[in-house]
Structure formats: C-alpha cells, structure tokens
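As structure tokens, the structure follows; a few thoughts come after it.
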Ligand code: TRP
C-alpha cells in the first residue's frame, strides 16, 4: 500500500444537517474520488454509546447517516465504508492500547476535562455523571485510526487533541513493541466553511438552529424562511458581513453567483427575495441527492449489505494486523514458545529510585538509591505515608535545595555528597519529562 490513507469517523447521534454536509460530507466525498488516496469512512457507533442510551435513536441515526453519505455520492466500491461495531478487532485493539496509555493523558482530554469543570462549577463531585466511556473515548478513537494505519485524519479543530493523543499512544506502543503503527496527522480543512445556523450561531444540533440535510422541499423552504435577518426594508442596502443568509449561500454558490448576491445586497434586494434565491440554490444541489436518499431510506436492507461488505474489506486488513499485534505483545500460540532461552527484555536505562516502605515500628520511611543499590538518602520514620510522600515530592520539585528543609527527617549517610544527590534527582527529573 503506497498511497496515503485517509480515515474519517462519524458518530451516529442524530440526523445530518446542512452544516454536516458542507463541513464534512461534501469535502469527504470529494476527497474519496482522488485516486492518490485510499479512504476509510466509518460510522462510529461505539462512540455513540458514550452519549446516547436510546437504542432506537442509534439505529435510526446509523441508517440516516449511512444513507446520507451514499446519497451524497460516496462510492462504496472505491472506499472502505463500514460500521465500527462490525469490526470486533477495534475493541480488541482498544484494550491493547489502553494498557500503554497513561491515565494522566486521558485526564487531560478536553471533553473529559470540560465535564469535570462543569461539575466542579456546579459544586458536584468532579466525576458526577461521567461514564468511563467518555474517559476512554480517545483510546477508542486511537484504535479506529491506528488499526488502518491512517496517515491523515480530516477533522474539525475540536478533534485535533484526539489525533495528537492517538500519535502519543502509537509512539508508546511502537517504543515498547516495535514499529507497528503509522503516526497519524490531523488534516484541518481550512477552506471548508463552518455553516451558520438559523440564528446566526454555528449550525449545530445542540443549538436547535439547524436545517436537516434532506428536509423535503416544502420544509426546506420554510426553514430557510426562518433564517434571521435584520429589519432593513426592500430597497435599503444590506450588509453581507455577519449575514447568515449570505454565508450559507456562499457555501453552495459559485464565485460568480456569490458576487451577484453581493451586488443584490448592495442594491437593496428584499429579504424575502434573498431567501428565495438561497432556497433555490440549496435545493438545486440537494434535490437529486434527496431523491437518492429517499430511495435508500426505503431500502435499509441494501444499506445493511453495503456496510457488511465494507466490514469484510475492513476486516481483511484488521484481522491479520490484529494477529500481528497480539503476537507482538505476547498473546501467543504456546506452541511457538522459545525453548532455547527466555527473551527477557534488556533492562531500561537504569535510574535512581525513591522507595517508600514501612518499618517494623509502624513508621513510614523512604530512601533514594542509585541503580546499583547504593543508598543516597535515608529518611527517619514519618507517622503517615502522606508525610513521607510529601517529603519525596519536595525533593523532586526543589532538588537538593530541599535538603536543608528536610534535614531534621533525614539520616546522615557517610560518603554521599550533596552533588551525588543532586545528580540523581536531576536524572530522575529528566526521565520524567
Ligand atoms: N470523534 C469523532 C467525532 O465525534 C468521530 C470519530 C470516532 C472519529 N473515531 C474517529 C473521527 C476516528 C476521526 C477518526 O466527530
């Protein structure tokens, strides 16, 4: 496989709207026609479970979104178009990746942090109403991407962090088990418009300001009629700047058509006429797809077949790759066990070590040792493990400057200089970054 691989996931959580079409479906379908890229498109239904507990809604949305992509021109023969939950290797890979992902990385994920911040602001427990799926979201997404060794993942800005996490996780896995994964990159499409909604804010399901992509013609007309405008009368010049109507028009029209509407604004076109122009322009692009969509929605069995065929294609890659990964981590056929010599990994670069332990008298102590075992620092007994940990933390953050402060709880050790201690602390600090 020499061509670049693109991969995009869509969470089936609702009915696609014009914003999804302009921002994701249309550019992706265009990209899928390129002969120099190999494209993967999938319905991220496992991701949908994180936020939706209505089975019927997930099923319905999966159908609607699949039908929308096909109606918009996605050719399943040219690309790999599948449903995430038809590829059991993905949750399997999720587990392998989970075990190389630091929990701290996930603590820093925007979506999880936003939930925690919201709870904190509402004086609730930080993790109130947060399911572990939300916490694990980035790992599942990493598995989606890494399974197919995608080079580029076209995403909105809100998803960049997830791609960076997928890279981090891939790097960690490669470091431990060999170069299995391609490091993915986010492809941000700057020239793709963010569509405003009926009220001028970004078109979004959560603002309830959207226009359903395949609303019937009469309904589309009504919805377009509801786009906010200012109160300028016909004959008065209109501003294109900040006009949701103008921006939506621009997302569908050619440069000449846009220039014509700009002139009409300056010349005082009435809002009713402008809305009529917009409605007709959208409908011109959408009507043929709408017909196709309606036919597809009436034949869910056909879509099911298309998705299952896509899953076969996806699994033709995922199955052997998963076998390779299982082997790499040690989930192996026992008959292949090496009888000659156990292949224990060479020790990692040896580092100094803080050890906390409990003395026979019940007190809590710590010591700092060099890789060979030589003791550099030895504490006296603390009453609680927290106190011992706090002293260690002080040493880790302040270095040997903390020694004076801690003098009363350290035992003197012959032949160890402050410099020895400082060197060990610095080595530890460097390894931690
Ligand atoms: N998180 C994406 C979204 O909500 C959907 C998604 C799931 C995805 N897995 C992915 C996108 C892998 C790109 C690659 O929009």
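Numbering (the numbering used here), first residue to last: 16 to 448.
Glycine included, C-beta positions come from ideal geometry on N, C-alpha and C.
For secondary structure counted as the alpha helix (DSSP H) over 4 or more consecutive residues, the region 109–152 holds these complete runs in sequence order: 118–122, 125–136. Per DSSP, residue 382 is one residue of the beta strand (DSSP E) stretching across 379–384. Between residue 380 and residue 403 a beta carbon distance of about 6 Å is seen, short of the 8 Å cut, so the two are scored as contacting. Counting every other CB atom within 10 Å of its CB across the protein chains shown gives residue 60 a total of 16 or more, marking it as buried. Below 8 Å, enough C-beta pairs join the region 274–286 and the region 245–258 to call them touching: three or more.
With a 10 Å radius around the Cβ and a threshold of 16 neighbouring Cβ atoms, residue 309 comes out exposed. Per DSSP, reduced to three states, the secondary structure at residue 414 is helical. In the three-state reduction of the DSSP assignment, residue 55 falls in the strand class, which pools E and B. The region 283–302 makes no contact with the region 313–327; the number of CB pairs closer than 8 Å stays below 3. Not one heavy atom of ligand 1 falls within 7 Å of the beta-carbon of residue 415. For ligand 1, no non-hydrogen atom lies closer than 7 Å to the CB of residue 337. Shown here for residue 225: same chain residues with a beta carbon closer than 8 Å to its own, the five before and five after excluded, namely 32, 33, 34, 212, 213, 218, 219 in chain order. Between the C-alpha atoms of residue 340 and residue 117 there is a straight-line separation of about 19 Å.
The bridge partners DSSP lists for residue 202 are 169. Taking the C-beta atoms as reference points, residue 120 is found no nearer than 8 Å to residue 65.
Between residue 336 and residue 162, the C-beta gap is smaller than 8 Å, which places the two residues in contact. Separation of the CB atoms of residue 442 and residue 366 is rounded to 6 Å, and the pair is thereby assigned contact status at 8 Å. Within the same chain, and ignoring the five residues on either side of residue 36 in sequence, the residues whose Cβ sits closer than 6 Å to its Cβ are 228. For residue 22, the shortest C-beta to heavy atom distance toward ligand 1 is below 7 Å. With a threshold of 7 Å, the Cβ atom of residue 180 does not count as near ligand 1, since no heavy atom of the ligand is closer than that.
Collapsing the DSSP output to three states places residue 32 in a strand.
With respect to residue 378, residue 396 sits close: the two C-beta atoms are nearer than 8 Å.
Residue 253 counts as buried, since at least 16 other C-beta atoms from the protein chains shown sit within 10 angstroms of its C-beta. Within the same chain, 239, 260, 263, 264 come within 7 Å of residue 293 by CB-CB distance, once the 5 residues on both sides are set aside.
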